[in-house]
Structures are given as structure tokens and as C-alpha cells.
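Asker: Here it is, the structure in full.
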Amino acid sequence: MVKIFIDPGHGGSDPGAVGNGLKEKDLVLTISRHIRDMLLAEYKGVSVKMSRDSDVYPTFAERANMANNWGADYFCSIHINAAGGTGFETFIHNSRSTKSVAYQNVMHSAILAEMDVRDRGKKDANFAVLRLTKMPAILTENLFIDNTHDAKLLKDAAFLKKVARGHVEGFAKAFKLKGGTSKPDSSKLKGGDSVIRAIQEFINSYGFEIKADGIAGPETMRGLIMVLQTELNKQFAAGLQVDGILGPKTEAAFVNVRVGARGNLTKVLQALLYINGYDVGTIDGIFGNKTEKAVRSFQKGKGLSVDGVAGRNTWRALL
Ligand SMILES: [Zn+2]
């Protein structure tokens with residue numbers, strides 16, 4: 017059993033860095049929970065502990081002791097940067113143990129590959145949690161909360177999942193974790209932003225005009241509903257108003273989409289799975305095994321009946 021200890025920085029009375037209406041303590045907890053959930057859902061032979069799973073503040077010594085007493089194999093502290101800069105960087109302790117250096121190399125490139133932001137480099141420092149932990153340890157600084165461009169990404173729920181995904185990929189590589197039920201093919205998802213942008217361009221190919229900014233916000237979701245409504249009208253004469261609002265009439269018009277399906281309904285399904293953090297490979301409108309696997313993982317995660325068919329309940333949960 018590989019024991020991964022996740023330390024969401026700050027918490028409680030210590031908000032960490034703040035800026036653009038965001039607090040570091042909230043963002044790092046969200047990212048850490050995603051990491052834990054992905055690792056436990058997708059890999060075998062791994063256990064995860066977190067220094068906090070709510071808005072509380074353990075001291076540096078308490079965080080380190082929790083990991084030491086548990087006998088963690090790896091300690092990973094998650095942070096958001098501030099004060100003039102942009103991009104991603106990682107730290108290990110300045111004693112630079114062989115293992116810490118090796119794991120930092122793997123983690124750093126895995127996370128960067130998912131985030132597609134400026135690489136500020138692999139660094140070392142005498143940070144308390146890195147000094148007090150007895151196992152190899154890393155601290156990741158994921159973008160700058162007080163930078164407008166970075167904050168925009170940090171406000172995007174899909175981007176936070178990508179940050180988590182990068183960490184998970186890193187752990188899987190560094191510790192040769194087995195499993196991977198919905199593990200993305202990072203070569204295809206590389207530069208996740210561009211995937212969202214492609215989804216937005218697909219929406220706009222219908223003549224809608226949403227901003228193709230690579231961020232999956234409410235406008236993108238509205239756009240996907242409009243595409244759905246258009247397709248349901250075209251293919252099934254559903255007679256829906258194309259307004260991007262998920263009302264009872266639209267919900268009633270949902271059709272089952274399953275393995276073997278091809279076309280833009282499947283493409284919308286794949287886009288929604290991707291935005292919800294599930295790997296579908298290429299968003300190509302072809303409902304193959306990979307898409308079915310993603311539907312099953314999604315249904316399982318949402319407590320729906322797991323049949324791999326996108327029916328009314330699945331559509332509703334995706335939207
Ligand atoms: Zn911090």
C-alpha cells in the first residue's frame with residue numbers, strides 16, 4: 017500500500033493568500049479533495065490521508081506529525097502563490113534528498129503538463145513542513161491568486177480539477193500506481209484549456225456566440241444546452257425553444273445515448289464528461305469504449321444506476 021499524505025495549506029483563521037475574491041485556503045482544500053477522490057476512485061494499492069478536510073488550521077508541526085505517525089510514503093503540500101508573478105513552481109527541502117529530487121522531477125512535469133501555464137521552475141527552500149516531515153516531501157505553488165490571468169483560471173472549476181489531475185498523474189508515475197479506471201490519456205488532454213476552447217468553438221459552429229476563452233463557465237454550459245436543444249429538435253422534432261435553459265420540457269426530451277452512437281449528441285456528452293473531470297479521450301462524437309467507461313465512472317460517482325448509457329438522469333446530473 018502506497019501512503020500519500022496531502023496537506024491543503026493554511027485553513028481556519030489563516031486564509032493564506034487572498035486576491036480577486038479568492039482565498040488560498042478554500043482553493044487548496046478543493047484541489048486536495050479532488051486529488052484524494054481521484055486517487056481512491058481510480059487506483060488500487062493506494063491510501064490517502066489529509067491534514068485537514070475542513071476549514072481548520074493545524075500547525076506546521078501537527079501537519080508533519082500526522083504524516084510521520086501514519087508512516088506516509090510521500091508528503092505533498094498544496095498552495096497558491098501571491099505577490100507578483102504568474103505560473104507554477106514546486107519546492108523540496110534544501111537538504112535535497114535523492115528521493116525528493118527524483119519525485120519532484122516527476123511531479124513537476126506531470127502537473128505542468130495538465131495546467132499549461134508558465135513554468136517557474138523546480139526550487140528548494142527550508143519550509144517548515146518540508147523540514148519536519150521524515151519522508152520525501154514536496155510543496156506545490158499553483159498559480160498566483162493576485163494575478164488577474166491566474167485568478168481567472170483559479171475561478172474555473174474545471175481548471176481546479178486539472179490541477180488535481182496533474183498531481184494524481186504525478187503520484188501514479190512516481191509510485192507506479194496500478195489501476196486507472198478513468199485515467200486520462202494526458203497526451204490527448206495536454207493543454208486542457210485548448211480542449212475547452214475546442215468545445216466552445218464547436219458550440220459556436222451552431223451560430224451561437226459564446227466567448228472561446230478556454231474556461232468552462234456558465235456560458236459554456238448554456239451553450240451546450242443550446243446545442244442539445246437544437247439537435248433534439250433536428251433529430252427528434254422535440255419542438256424545444258433554444259434558450260439554453262434546462263427546463264422540464266428539455267429534460268423530458270432527453271434521449272438515451274449509448275455505445276455505437278455517433279454524432280453531435282455524443283459530442284455534447286463527451287464535452288460534459290470532460291468538463292466534469294472524466295476522461296473521454298478525443299471529443300470526436302464517437303461513443304466508443306472509452307466514452308462508455310467515462311459514463312460508468314460518472315454514474316458511479318454520482319450514485320446513479322451504472323449502465324454506461326446516458327439516459328435522462330445522467331444528462332441531468334451532467335448539466
Ligand atoms: Zn500558501
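Under the working numbering, the very last position in the sequence shown is 335; numbers go up by exactly one each time.
Glycine included, C-beta positions come from ideal geometry on N, C-alpha and C.
Would you kindly work out how many angstroms separate the C-alpha atoms of F314 and S111, rounded to a whole number?
Answerer: Cα-Cα distance, rounded: 43 angstroms.
Asker: Counting beta carbon pairs with one atom in the stretch 170-180 and one in the stretch 37-45, are three or more of them shorter than 8 angstroms?
Answerer: With the cut-off at 8 angstroms, the stretch 37-45 and the stretch 170-180 touch.
Asker: How many Å lie between V296 and I215 at the Cα?
Answerer: Each residue's alpha carbon lies about 13 angstroms from the other.
Asker: Taking the straight line between their C-alpha atoms, what separation do you get for G27 and H183?
Answerer: So the two alpha carbons sit approximately 20 angstroms from each other.
Asker: Tell me, to the nearest whole angstrom, how far the beta carbon of S63 is from that of K115; I am working on the premise that it is less than 8 angstroms.
Answerer: So it is not a contact: roughly 19 angstroms between Cβ atoms.
Asker: How close, in whole Å, do the beta carbons of F160 and A98 come, if the pair is a contact with beta carbons under 8 angstroms?
Answerer: About 6 angstroms separates the two Cβ atoms, so the contact holds.
Asker: Let me know if K206 comes out buried or exposed under the rule of 16 or more other beta-carbons within 10 Å of its beta-carbon.
Answerer: Below a pLDDT of 50, predicted positions are generally treated as unreliable, and K206, at 37, falls in that range; the measurement from the model is reported next regardless. Exposed is the call here.
Asker: Below 8 angstroms, can you find three or more Cβ-Cβ pairs linking the stretch 28-38 to the stretch 296-306?
Answerer: At 8 angstroms Cβ cutoff, the stretches do not touch.
Asker: Which of helix, strand or coil does DSSP assign to S13?
Answerer: Because residue 13 is not part of the residues shown, which for the chain are 17 to 335, the question remains open.
Asker: Alpha carbon to alpha carbon, how far is N85 from K150?
Answerer: Going from the Cα of N85 to the Cα of K150 covers about 10 angstroms.
Asker: What residue range is occupied by the uninterrupted beta strand (DSSP E) comprising N158?
Answerer: Where N158 is concerned, the enclosing beta strand (DSSP E) stretches over A153 to F160.
Asker: H95: beta carbon under 7 angstroms from a heavy atom of ligand 1?
Answerer: Yes.
Asker: Does the stretch 316-334 come close enough to the stretch 214-228 to have 3 or more Cβ pairs within less than 8 angstroms?
Answerer: The stretch 316-334, when compared against the stretch 214-228, does not touch it at the 8 angstroms Cβ threshold.
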